[in-house]
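Peer 1: For the sequence shown, the numbering used here gives the first residue as 52, with consecutive numbering after it.
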Amino acid sequence: MPQTDLQPRTALILLTALNLLNYVDRNVLFAVQPLVQDEFHVTNAQIGYLTSAFLAFYMIAAPFVGPLADRYSRKLIIVLGAVFWSGLTLLTAVTHTYTELLIRHTLVGVGEATFVTIAPT
């Protein structure tokens with residue numbers, strides 16, 4: 052198989068896998084909500100704040116990422132964003148307070164915005 056045929060397929064596979072991880076990361080909180088509530092002693096409203104903060108910063112970051120992608124390497128921005136949000140997701144393991152969880156979840160929204168804004172273009 053020529054090198055040129057492999058590159059688009061590889062890009063498609065990687066972007067699809069990254070998109071899957073993006074959706075799983077975004078929605079896993081709902082699956083573990085009772086566990087999070089027990090661990091952090093939070094209400095349904097506070098869980099809602101986590102999701103709202105994520106979405107708010109996701110939407111705020113997206114318009115800034117687009118112009119960056121026009122000036123700099125799209126691949127680099129996607130990779131840095133994925134590393135950023137993955138690292139923050141891993142930090143969940145050492146999160147001890149609701150405030151830490153809220154900050155982490157908010158920043159994950161910023162990281163995920165890098166992928167969603169650029170990948171479709």
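C-beta: ideal position from N, C-alpha, C; glycine also. These numbers were taken from a predicted model, which means no experiment stands behind them.
1) Residue 67 and residue 116: beta carbons closer than 8 Å?
2) Using DSSP with H/G/I as helix, E/B as strand and the rest coil, what is residue 114?
3) Are the stretch 155 to 168 and the stretch 102 to 112 touching, with three or more C-beta to C-beta distances below 8 Å?
4) So, helix, strand or coil for residue 52, using DSSP?
5) Does the beta-carbon of residue 152 have 16 or more other beta-carbons within 10 angstroms, so that it is buried, or is it exposed?
6) Tell me which residue opens and which closes the alpha helix (DSSP H) that residue 85 is part of.
7) Applying the criterion that 16 or more other CB atoms from any shown protein chain within 10 Å of the CB defines a buried residue, is residue 159 buried or exposed?
8) Within a Cβ cutoff of 8 Å, which residues of the same chain sit near residue 104, ignoring the five residues on either side of it in sequence?
9) Pick out the complete alpha helix (DSSP H) segments inside the stretch 103 to 159, 4 residues or longer, and give them in chain order.
10) Quick one: is residue 132 buried, meaning 16 or more other Cβ sit within 10 Å of its Cβ, or exposed?
11) Is the beta carbon of residue 76 sitting closer than 8 Å to the one on residue 136?
Peer 2: Answer, in terms of the structure:
1) Contact: no.
2) Per DSSP, reduced to three states, the secondary structure at residue 114 is helical.
3) Touching, yes.
4) Residue placement at residue 52 is flagged as unreliable, the pLDDT there being 49, under the threshold of 50; the coordinate-derived value follows with that caveat. Three-state result, residue 52: coil.
5) With 16 or more Cβ atoms within 10 Å of its Cβ, residue 152 is classed as buried.
6) Its alpha helix (DSSP H) spans residues 84 to 91.
7) Note on residue 159: 16 or more other CB atoms within 10 angstroms of its CB, so buried under the neighbour-count rule.
8) Only 153, 156, 157 and 160 meet the Cβ criterion.
9) DSSP runs (the alpha helix (DSSP H)) wholly in the stretch 103 to 159: 125 to 141.
10) A buried status is given to residue 132, since no fewer than 16 other beta-carbon atoms sit within 10 Å of its beta-carbon.
11) Cβ distance < 8 Å, so residue 76 and residue 136 count as in contact.
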